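Reviewing the structure listed below.
See the structure below:
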């Protein structure tokens, strides 16, 4: 296997290269961590989500989710409300200042996406979208099956 030609590594490089300027912006402008930004983006879309839902949506462990939510609350970007039936399942809601911060960051994120997509024709964009849907589904199956399943599949091939 050649790392520079390995699809997951190539996808990682693209994501990392465009994430750096976005991360520098939200870090310098708002004092947000990467986890804080991801959580802010989730609650901007799913107001009232609990920590478990946020963790699944962001692919973050419970400790990172807790710290990230704490950061958003401290910055005034979110509020945490106790769950109606179970206080362990607090709902996290975005505040007006959180929405304003999210909108500014999202504007830059949209500009990055537009610049990337401008390099592709309409046909290439449609093909990429279809391919990414397939890769997302298969990567979820790979993740759910774990490495042992992969080794077993390779041995039986």
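Numbering (my numbering), first residue to last: 8 to 164. No residue lacks a Cβ here, since even glycine has one placed at the ideal position from N, Cα and C. These figures come from a predicted structure and were not determined experimentally.
Taking all protein chains in view, the Cβ of residue 67 is crowded by 16 or more other Cβ atoms within 10 Å, so the residue is classified as buried.
By the Cβ rule, the segment 109 to 122 does not count as touching the segment 140 to 150, because fewer than three pairs are nearer than 8 Å. Per DSSP, residue 85 is not a residue of any alpha helix (DSSP H); the beta strand (DSSP E) it occupies stretches across 85 to 88. Following the DSSP letters along the chain, one finds residue 11 in no beta strand (DSSP E), marked with neither H nor E. With a beta-carbon spacing of about 17 Å, residue 76 and residue 112 fall beyond the 8 Å limit used to define contacts. DSSP, read as helix, strand or coil, puts residue 128 in coil.
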